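Q: What the sequence shown shows, in our numbering, is residues 1 to 79, in sequence order. Just so it is clear, CB atoms sit at the ideal spot from N, CA and C, and this is done for glycine as well. Here the structure is a predicted model, which is why all the values come from computation and not from measurement. Structure below; questions to follow.
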Amino acid sequence: MDPQSAALLAKDIGAGLATIGVAGAGVGIGNLFGSFVSSVGRNPAARDAMFRDVLLGFALTEAVALYALVIALVILFAA
């Protein structure tokens with residue numbers, strides 16, 4: 001295998017590994033909203049107080065997925 005092919009293979013593998021963070025973020029968002037629905041089912045009066053915190057948690061979790069996607073694109077196209 002020539003060095004150029006090896007470098008291309010390494011970039012593809014690195015980008016694939018970087019996208020694992022997207023799957024982790026999906027699990028985190030599912031866990032977040034699942035817990036929210038469960039807690040609202042137990043105490044409906046606390047929905048408004050918790051919803052702001054749930055949206056903040058969603059935004060922070062989604063940011064991790066976006067960072068993973070950016071890193072994968074940087075590995076593929078910028079290097």
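Which residue's Cα is closest to the Cα of I29: T61, F77, I75?
A: Residue mapping note: residue 29 aligns to position 29 of the sequence shown, counting from 1. Here the closest residue by C-alpha is T61.
Q: Under 8 Å, do A68 and T19 count as touching if we go by C-beta distance?
A: Locating residue 68 in the sequence shown gives position 68, where the first residue counts as 1. Locating residue 19 in the sequence shown gives position 19, where the first residue counts as 1. Yes. Within cutoff.
Q: Does the separation of the CB atoms of G57 and L76 fall below 8 Å?
A: In the sequence shown, residue 57 corresponds to position 57, counting from 1. In the sequence shown, residue 76 corresponds to position 76, counting from 1. Their beta carbons are not under 8 Å apart, which means G57 does not touch L76 by this criterion.
Q: At 3 residues or longer, what runs of the beta strand (DSSP E) sit wholly inside the stretch 10-71?
A: Counting whole runs of 3 or more residues, the stretch 10-71 contains no beta strand (DSSP E) stretch at all.
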